[in-house]
Every structure is written in structure tokens, then in C-alpha cells.
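Asks: Taking the numbering used here, I'd label the letters of the sequence shown as residues 2 to 168. Even for Gly, the Cβ is constructed at its ideal location relative to N, Cα and C. Everything numeric in this text was worked out from a predicted model, so none of it was measured.
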Amino acid sequence: MPITFRALVEDDRAAVETLFQSELSSHAPERLEGFAAFDGWVMVGAVTSAALPEAVPPAQWGSVSKLVSDDAVFVKSLVVIPSARGEGVGTALVGAVVEAHPGVQVAACAWVRGGRAPAGSANTANGLRPVVTIPGFWRADSVVEQYSCPEDGNPCGCAARVYIRSV
Ligand SMILES: CC(C)(COP(=O)(O)OP(=O)(O)OC[C@H]1O[C@@H](n2cnc3c(N)ncnc32)[C@H](O)[C@@H]1OP(=O)(O)O)[C@@H](O)C(=O)NCCC(=O)NCCS
């Protein structure tokens, strides 16, 4: 069965929560905005997005804040279930966010593990370019928001690779 894609709606909350908990140890955002991929009725992937200042406080960007516009859209969390990976689902989900925001800068922070960013190619395939890698990007946020990362637990010490698609 072909994978289908559609914008997230509030009824998707439980499925997104399960997906994010199992693969990212994080929660679905309060305002569910983004896209999901389905194999039949089963949600096999999701991406959430938000206006940039809401998604990442300007202070967290450090020197990168000069590169990101105030009206940028931010790719927040991207997850595909293990059995559906490597088939372009992650790339299509990021692509859906880009297409939904024509003429707007798109930014993303990919989690870096063992020197690799698993979401890196989903970003670059959609025209987002890596600009910098920031160590310990989620440390303070993970303490405030009380989430654990699968690598370190809490606090999260992982680096983030920042990607930007300019208009
Ligand atoms: C990161 C993640 C979302 C990627 O999802 P995905 O659906 O596997 O992504 P894609 O299939 O689009 O791309 C993954 C790889 O498959 C390749 N690929 C894409 N389409 C393909 C196809 N049709 N046939 C073969 N390979 C393909 C891509 O080039 C990419 O290769 P690379 O990683 O070696 O560069 C997924 O691995 C995941 O959920 N990981 C755990 C959570 C996570 O780390 N999220 C990112 C947080 S920032």
C-alpha cells in the first residue's frame, strides 16, 4: 500500500504522542501543526513545525540568531517508525513543511549522534543547508521541560546541527 501524507489534525494527538515517546522520548507539542505519513490507518511518521520564536527561544540560538529570520518556520520534531525508514518518508515529511510555507525561511535542528545527524539528508534533500553545529543545544531546555534523550537521559548533552533554507 502506498504511503499517504496529510496535515496533522487534533485527532492525531494520541498517535503522534506514541511516536514521539517511543523514538524521541519527547511529547507531542501543545499546538499540533505539521504533517503525518500513513500506511493505511497506521501512522508511520510525523513532523511538527512552528513559528520559530515559539519553537526555539532566541537565546538558545546564540550566534546563529543572526541567520534566522523572525518569521521563519521551524521543523520541530521528525520521526519515522523503524520499519518505514530509508524509503524517503522523512524527506517527504520535511518537504511537506517546506511546500506549506512558500516564500518563508525554513530552519531545522537535527540531532547529532556519533557525529551523524540522522535527519540530515531529509533536510538537505529539501534545500536546507547545514550552517553550524551547536554542542549541548537542548541541555537547558531538557531540564526545564523534563524530557530525556535516548542517548544521555536528562539532561540531554547532544549537539544540534542547524539547517536553514533561505528564500
Ligand atoms: C531521522 C528519520 C526521521 C529519517 O527518516 P527516514 O524516513 O528514514 O528518512 P529518509 O528515508 O527520507 O532518508 C533516510 C536515508 O534513506 C535514504 N533514502 C531516501 N529515500 C530512499 C529510497 N527511496 N531508497 C533508498 N534510500 C532512500 C536517504 O538518502 C537517507 O540516507 P542517509 O541517511 O544515509 O543520508 C528516522 O531515521 C527517525 O525517525 N530516526 C529516529 C528519530 C530521530 O532521530 N529524529 C530526528 C531528530 S532531529
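Which ranges would you report for the alpha helix (DSSP H) in the region 114-168 if only whole runs of at least 4 residues count?
Replies: Listed in chain order, the complete alpha helix (DSSP H) runs (minimum 4 residues) inside the region 114-168 are 121-125, 140-146.
Asks: Is V81 near ligand 1, with its Cβ less than 7 Å from a heavy atom?
Replies: By 1-based counting over the sequence shown, the position of residue 81 is 80. Yes - ligand 1 has a heavy atom lying nearer than 7 Å to the Cβ of V81.
Asks: Using the DSSP secondary-structure output, state which residues sit across from I4 in a beta bridge.
Replies: Here the question's residue 4 lines up with position 3 in the sequence shown. Paired residue(s): D40.
Asks: Can you tell me whether S143 is buried or exposed, with buried defined as 16 or more other CB within 10 angstroms of its CB?
Replies: Walking along the sequence shown from the start, residue 143 turns up at place 142. Buried, since its Cβ has 16 or more Cβ neighbours within 10 Å.
Asks: Report the rounded CA-to-CA distance for A128 versus V107, giving the unit in angstroms.
Replies: Translated into the one-based positions of the sequence shown, residue 128 becomes position 127. Translated into the one-based positions of the sequence shown, residue 107 becomes position 106. Rather than Ala, the amino acid found at residue 128 in this sequence is Gly. The straight-line gap from Cα to Cα measures roughly 9 Å.
Asks: Within its chain, find whatever has a CB closer than 6 Å to the CB of G96; leave out the 5 residues flanking it on each side and keep chain order.
Replies: Within the sequence shown, residue 96 is the residue found at index 95, counting from 1. Excluding sequence neighbours, G96 sits near N127.
Asks: Considering only heavy atoms of ligand 1, does any lie closer than 7 Å to the CB of V90?
Replies: Position 89 of the sequence shown, counting from 1, holds the residue named residue 90. Yes.
Asks: Taking the alpha carbon of V48 as the point to measure from, which residue in L9, V132, P151, P103 has its own alpha carbon closest?
Replies: Here residue 48 is taken as the residue at index 47 of the sequence shown, counted from 1. For V48, the nearest C-alpha among the options comes from L9.
Asks: Confirm the yes/no value for this check: CB of G41, any heavy atom of ligand 1, distance under 7 Å.
Replies: What you label residue 41 is simply residue 40 of the sequence shown in a count that begins at 1. It does not: the Cβ of G41 is nowhere closer than 7 Å to a heavy atom of ligand 1.
Asks: Should R140 be listed as close to ligand 1, given that the test is whether its C-beta is under 7 Å from any heavy atom?
Replies: Here residue 140 is taken as the residue at index 139 of the sequence shown, counted from 1. Not under cutoff, so the answer is no.
Asks: For R166, verify whether its CB is less than 7 Å away from any heavy atom of ligand 1.
Replies: Numbered from 1 along the sequence shown, position 165 holds the residue referred to as residue 166. False, no ligand heavy atom lies under 7 Å from that Cβ.
Asks: Please determine whether the Cβ atom of A123 lies at a distance below 7 Å from any heavy atom of ligand 1.
Replies: Counting from 1 along the sequence shown, the entry for residue 123 is found at position 122. Under cutoff, so the answer is yes.
Asks: By how many angstroms is the C-alpha of G154 removed from the C-alpha of Y148?
Replies: To locate residue 148, count along the sequence shown from 1; it is residue 147. To locate residue 154, count along the sequence shown from 1; it is residue 153. Taking the straight line from one Cα to the other gives about 8 Å.
Asks: Name, in chain order, the residues that DSSP records as bridge partners for V74.
Replies: Walking along the sequence shown from the start, residue 74 turns up at place 73. For V74, which the question treats as bridged, DSSP gives the partners A52, V107.
Asks: Quick check on the DSSP output: the alpha helix (DSSP H) that includes G63 runs from which residue to which?
Replies: In the sequence shown, residue 63 corresponds to position 62, counting from 1. Per DSSP, G63 belongs to no alpha helix (DSSP H) and is neither H nor E.
Asks: With burial defined as no fewer than 16 other Cβ atoms inside 10 Å of the residue's Cβ, what is the status of K77: buried or exposed?
Replies: On the sequence shown, residue 77 is found 76 positions in, with the first residue counted as 1. K77 comes out buried.
Asks: Hey, could you find the ends of the alpha helix (DSSP H) V98 is sitting in?
Replies: In the sequence shown, the residue the question calls residue 98 occupies position 97. 90-101 is the span of the alpha helix (DSSP H), which, as asked, contains V98.
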